[in-house]
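Colleague: Below is one structure. I have some questions about it.
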Amino acid sequence: MKRLDKRGGAACFVPALVLLCGSATAQEKTEVRLEEVNIRAPRIITPLPGVSMEREQTTVNVQSATDADLRNQQSINIADYLNTQGQSITVNDYAGNPFQQDISFRGFSASPLVGTPQGLSVYLDGVRVNEPFGEVVNWDLIPTLAISRTDLIPGSNPLFGLNTLGGALSLQTKSGFTSERFEATRTQGSWGRSQNQLAVGGNNGTLAGFVALSEFREDGWRNNSPSQVNQYFGRIDARIGASEWTASLLKVDNRLTGNGLVPYEEWQIRPQSVFTSPDTTDNDLTHVNLRARFDVSDRDSVSVGVYQRKLTQRSVGGDFWDDFDRLSYGRLDDCPLTHFPFVSANGAYDPNGPTSPGCPGFSPNGLFNIGGTSQEALGTTVQWVHVGDEHQLVFGGTFDRNDLSYGQGQMLGFIDADRNVYTDPAKAADLGLSALDTVIQRNFLTGSNESLSFFATDTWTVRDNLFVNYGLRWSRTHVRNQLVSDKPIPLYQFTPAFLNSRQQRCGTLADAAARFLCSEGDYTYYSTNPSFGVSWLPEPTLNLYLNVSQGARTPSVIELGCARDRELENVNNGKSIGCSVPTALTSDPYLPQVRSFSTELGVRGSAYDGKLEFNATMFETQLEDDILFVSLGRKNRGVFDTFKHTARRGFELGLNAKVGAHTFRIAYTRLDAKFGSYAKVVNQSNSSSNSTAGQLNEFTIEPGDRIPGIPRDVLRMGWAFDVTDKMNVGINMIAHAGSFSRGNENNEHQAGGDDNFGESFGGGANGLGRAYLGKGTTSGYAIFNFVGRYRITRDLTFFARVDNIFDKRYVTASELELNPFVAGSFGGRDASGFNYNSFAWTHSQFVGPGAPRAGWFGLTYAFDTVASSR
């Protein structure tokens, strides 16, 4: 269904060529001279099948990869491949797990972490896999072994739905028609990593089947960080007459441990250390996808898709109890006589003076955040495609409904010498704290999201070398939330008498008898998003392109549930309560939808008979009412807030060259991601924030301040060498400039000095300020990785990979937070290092450590199943 190429030949299907050749040979003593045929690999850029676009027809810098590319790089997931090979890609590892990394493309993220505002849409065989709760992307739920092709499309393409601000990542799976192959792989190596993979595909010309199984195990390189990933994928295809039918099933059952950031001063001593643990996430996914395509004529096709996606998640996070610093004398029983004359659990409030040691080991200092989420997504897509001589028209519509429920509770605990948080229910009666043996229900959220969209695009061949793309998408999204949240009551108040005196009903903050605050959100968002692009080839090997597009993103359930509520701050003495993401919610204030306007201008081409390929692109995206997560400086706690204007602009350069047996690759990006308007945000660990006792710890963001977590310069270089026809080796370099820390959105935090008063909730002591540690930025880094393959026999291949060859110490992410594990000049400490005088704590810079040198090797046994499947 591809158009005829008028530039000296027909861009037709290979079967047509076979028929032509067959008819020619059937004529005795007749020589038939055919025109040269130029066949190009199409780029599939639509969620449903039916539309193919050649590279020259696209008006943005699309990045593509095949299953062979993934296999050659030995990538354990899609994020891993993008990190090593992608252009304009940056990585922030806030979680400390290879399956839970933030992937950012031109400053827009796709991440499994709720605290990361999402700007990229990810599609698997036409199904959007950004989860309803937070729009997150769980890389562990994508079956890497089953992926046939990836396309990263910049901008807001009307074909790729709502919430596509910075781009869309389209993933296509293998089938028995496209992958007639048996492949078995065993990998093992550093950190106790082992992986078993099996993929089989085949067909009989009408029916095709494909299955892919992968089981991954790893102890992790940091303390207490094991993970396991189990992915099972199956697909059946049938070609019946002028139609093609597809049914696929994906089942995933994983347990991930991501122990997060660690204070910089601890990372310098022991890079493998963790702040607290455990921090586990269990994911259980069932994903069903049905598709059909009908060729109603030589030029027209209709595609239909239906899917159901069910995800159950359970998370357990062990943290330090951030309300410990509010344990003034009398809020907990006096210390045992063994601590005489000191009586206060928190030495900062002891009658003997604010430098008292407290009572190490007596009161709880750990906290469990326990969360459970159930999400179900249902949807359908209908698409009609007409391929004419000059126009390729696409019309379609989508309907998606997401339902979710989320519950979250907390328990108090203790922290041992290895920083593990554990429970000790036996102490509940002694201390009168119900949270030591009972899960205190903090939140219960139910919500739904319905989105109806219609889209239309046209690829117009104006001339042989001039193409115009234009399109439009209209969407209506209805979001409803019902939230029952506990009042902002510290856990030390939850005594048996307190629980018995509270009624299990909703009320206001002034209604002391009511246990919960309840809110409902019911919002409808409309958007109309056009796009326009031009592609021109002044020479067959030189392509200029321009694209302009508009996009929109509606606030997710978590963003509405954890939005900054200034009304609640006003009735709470000016203090921001915040959320313990992804565990605690507050209310449902309205947030406007984010709107984007993107422009892209570039050139691409080739030289020396295709041995040299290059691209250069300038890009810019302006956002209105951008939603960002702002840390409050307390472990995982923060709020989502609206910023009137932000921008991401820059340029990218790419070069690929083939010189004999050598292949070279260079990709450079300069990116400026900045705030474009004034805003006030809260973080008590930013040295420039207001540190006046009893007042909100605010600071001001000004236009031109850089957005945290996005480095300005990124460089990737690669070299591959075909040593022999059986052996290939390669080196990849990844270099990132430094970036600002979360909590340093105004770029003004500085190390040194203290907050002058010590305790951000009031009641502190003059002259006992908490010190500011860390510069509020990360340093740039460059790491080198090795990959190699050797084909032992036709079917058996040995491979090896070494990451961070020179064992570079580096960090990829950072945040300003409060650190209680400090020695200080006063305060008693337990075996974990926890200081029981909160005035001795520090405002520290927490970092996401990069992994040290590690190596893996394995064997792949593979052969084609073409002969056996006929």
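Basically the numbering used here = 1-based index in the sequence shown + 135.
In this text, a Cβ means the ideal position worked out from N, Cα and C, and glycines have one as well.
These numbers come from a predicted model, not from an experiment.
Going by CA-CA distance only, name the one from Arg206, Val346, Val226 and Asp890 that's closest to Arg284.
Modeller: Residue 284 sits at position 149 when you count from the first residue of the sequence shown. Of the listed residues, the one whose Cα sits closest to Arg284 is Arg206.
Colleague: If you run the structure through DSSP and keep just helix, strand and coil, what is Pro984?
Modeller: Residue 984 sits at position 849 when you count from the first residue of the sequence shown. Pro984: strand per DSSP, three-state reduction.
Colleague: Grouping DSSP H, G and I as helix and E and B as strand, with all else coil, what is Lys562?
Modeller: On the sequence shown, position 427 is the one that residue 562 refers to. Correct three-state label for Lys562: helix.
Colleague: Taking 6 Å as the limit between beta carbons, can you name the residues of its chain near Gln363, skipping five residues before and five after?
Modeller: Numbered from its first residue, the sequence shown carries residue 363 at position 228. Within the same chain, Gln363 has close Cβ partners Arg352 and Arg390.
Colleague: So, at 6 Å on beta carbons, what are the nonlocal neighbours of Phe834 in its own chain, with the 5 sequence-adjacent residues on each side left out?
Modeller: Within the sequence shown, residue 834 is the residue found at index 699, counting from 1. Closer than 6 Å at the Cβ level, and outside the excluded window around Phe834, lie Asn821, Ser823, Ser824 and Asn881.
Colleague: Confirm, please, whether the CB-CB distance from Ser812 to Gly844 is below 7 Å.
Modeller: The sequence position of residue 844 within the sequence shown is 709, counting from 1. The sequence position of residue 812 within the sequence shown is 677, counting from 1. No; because the gap between Cβ atoms is not below 7 Å, this pair is not in contact.
Colleague: Might you give, ordered along the chain, the residues of its own chain that have their beta carbon closer than 6 Å to the beta carbon of Pro406, omitting 5 neighbours on each side?
Modeller: As a working mapping, residue 406 is identified with position 271 in the sequence shown. Once the five neighbours on either side are set aside, the close Cβ partners of Pro406 are Pro984.
Colleague: Assuming contact is defined by CB atoms lying nearer than 7 Å, are Tyr557 and Gly548 in contact in what I supplied?
Modeller: Counting from one through the sequence shown, the residue named residue 557 turns up at place 422. Counting from one through the sequence shown, the residue named residue 548 turns up at place 413. Cβ atoms of Tyr557 and Gly548: closer than 7 Å.
Colleague: Pairs of beta-carbons, one from the segment 961-973 and one from the segment 212-220, closer than 8 Å: are there three or more?
Modeller: Not touching, per the Cβ criterion.
Colleague: Which residues in the same chain have their Cβ closer than 6 Å to the Cβ of Ala906, if we skip the five residues on either side of it in sequence?
Modeller: Position 771 of the sequence shown holds residue 906. Counting only Cβ-Cβ distances below 6 Å, and skipping sequence neighbours, we find Asp889 and Thr977.
Colleague: Look at the Cβ atom of Leu108, then the Cβ atom of Arg608, and state whether they are nearer than 7 Å.
Modeller: As shown, the chain starts at 136 and ends at 1005. That puts residue 108 outside it, with no answer to give.
Colleague: Would DSSP call Ser408 helix, strand or coil?
Modeller: Taking the first residue of the sequence shown as position 1, residue 408 is located at position 273. In this structure, Ser408 counts as coil in the three-state DSSP scheme.
Colleague: Can you give me the Cβ contacts of His80 inside the same chain, cut-off strictly under 6 Å, excluding the 5 residues immediately before and after it?
Modeller: The structure shown does not extend to residue 80, since the chain spans only 136 to 1005, so no value can be given for it.
Colleague: Could you say if the segment 264-281 and the segment 535-550 meet the contact criterion of at least three C-beta pairs nearer than 8 Å?
Modeller: Touching, per the Cβ criterion.
Colleague: With Pro631 as the anchor, note down where its beta strand (DSSP E) starts and where it stops.
Modeller: If you number the sequence shown from 1, residue 631 lands on position 496. Looking at the DSSP string, Pro631 is not in any beta strand (DSSP E); the run it does join, the alpha helix (DSSP H), is Pro631 to Ser636.
Colleague: Cα separation between Val614 and Tyr541?
Modeller: For the purposes of this step, residue 614 is taken as residue 479 along the sequence shown, with counting starting at 1. For the purposes of this step, residue 541 is taken as residue 406 along the sequence shown, with counting starting at 1. Computed Cα separation, rounded: 16 Å.
Colleague: Looking only at its own chain, which residues have a Cβ that is under 6 Å from the Cβ of Val441, when we skip the five neighbours before and after it?
Modeller: Numbered from its first residue, the sequence shown carries residue 441 at position 306. Result list for Val441: Leu425 and Thr515, in chain order.
Colleague: What does DSSP give as the partner residues of Phe590 in its beta bridges?
Modeller: The residue labelled residue 590 in the question sits at position 455 within the sequence shown. Answer is Gly531 and Arg608.
Colleague: Measuring straight from C-alpha to C-alpha, what distance separates Ser329 and Gln323?
Modeller: Locating residue 329 in the sequence shown gives position 194, counting from the first residue. Locating residue 323 in the sequence shown gives position 188, counting from the first residue. Cα-Cα distance, rounded: 4 Å.
Colleague: Where does Thr581 sit, in a helix, a strand or coil, going by DSSP?
Modeller: One-based indexing of the sequence shown puts residue 581 at position 446. It is a strand residue.
Colleague: Could you tell me the boundaries of the beta strand (DSSP E) in which Asn207 lies?
Modeller: Numbered from 1 along the sequence shown, position 72 holds the residue referred to as residue 207. Unbroken run through Asn207 is the alpha helix (DSSP H), Asp202 to Asn207; no beta strand (DSSP E).
Colleague: Taking 6 Å as the line, does the beta carbon of Trp456 fall inside it for any heavy atom of the ligand ADP?
Modeller: The model depicted lacks the ligand ADP and carries no ligand whatsoever.
Colleague: Exposed or buried, what is Pro289 when buried is set at 16 or more other beta-carbons lying within 10 Å of its beta-carbon?
Modeller: Within the sequence shown, numbered from 1, the residue matching residue 289 stands at position 154. Per the 10 Å Cβ criterion, buried.
Colleague: So is Pro471 buried or exposed if we call it buried at 16+ other beta carbons inside 10 Å?
Modeller: One-based indexing of the sequence shown puts residue 471 at position 336. Classification for Pro471: exposed.
Colleague: Please tell me whether Asp942 has its Cβ less than 7 Å away from any Cβ of chain B.
Modeller: Checking the listed chains, one finds no chain B in this structure; it contains a single protein chain.
Colleague: Just the Cα atoms here: how many angstroms apart are Lys793 and Thr859?
Modeller: For this step, residue 793 is matched to residue 658 along the sequence shown. For this step, residue 859 is matched to residue 724 along the sequence shown. Lys793 and Thr859: Cα-Cα distance of roughly 16 Å.
Colleague: Taking 7 Å as the cut-off, decide whether the C-beta atoms of Lys622 and Leu580 are in contact.
Modeller: Along the sequence shown, one-based indexing puts residue 622 at 487. Along the sequence shown, one-based indexing puts residue 580 at 445. For Lys622 and Leu580, no; Cβs fall outside 7 Å.
Colleague: Sort out for me which residues DSSP pairs Pro846 with in a bridge.
Modeller: Counting from one through the sequence shown, the residue named residue 846 turns up at place 711. Per DSSP, none; premise fails for Pro846.
Colleague: Just reading off the alpha helix (DSSP H) that Tyr216 is part of, what are its end residues?
Modeller: By 1-based counting over the sequence shown, the position of residue 216 is 81. Tyr216 -> alpha helix (DSSP H) spans Ile213 to Gln220.
Colleague: Where does Met546 land, buried or exposed, given buried means 16+ other C-beta within 10 angstroms?
Modeller: Taking the sequence shown and counting its residues from 1, the one referred to as residue 546 is at position 411. Buried, because 16 or more other Cβ atoms sit within 10 Å of the Cβ of Met546.
Colleague: For Gln192, which three-state DSSP category applies?
Modeller: Start at 1 with the first residue of the sequence shown, and residue 192 comes out as number 57. Here Gln192 sits in helix by DSSP.
Colleague: For a quick check, are the C-beta atoms of Phe477 and Pro955 less than 7 Å apart?
Modeller: Locating residue 477 in the sequence shown gives position 342, counting from the first residue. Locating residue 955 in the sequence shown gives position 820, counting from the first residue. No, the pair does not count as a contact, with Cβ atoms beyond the cut-off.
Colleague: Under 6 Å Cβ to Cβ from Ala281, same chain only, skipping five residues before and after it: list those, please.
Modeller: Along the sequence shown, read from residue 1 onward, the residue named residue 281 stands at position 146. If we look at Ala281 and ignore the five residues flanking it on each side, its Cβ neighbours are Thr308, Lys309, Ala347 and Phe368.
Colleague: Going by the DSSP bridge assignment, what does Cys653 pair with across the sheet?
Modeller: Within the sequence shown, residue 653 is the residue found at index 518, counting from 1. Its beta-bridge partners are Val619.
Colleague: Report the partner residues of Cys641 according to the DSSP bridge assignment.
Modeller: As a first step, residue 641 is located in the sequence shown; it is residue number 506 there, counting from the start. Its beta-bridge partners are Phe651.
Colleague: If you run the structure through DSSP and keep just helix, strand and coil, what is Tyr627?
Modeller: As a first step, residue 627 is located in the sequence shown; it is residue number 492 there, counting from the start. If DSSP states are grouped into helix, strand and coil, Tyr627 belongs with the helices.
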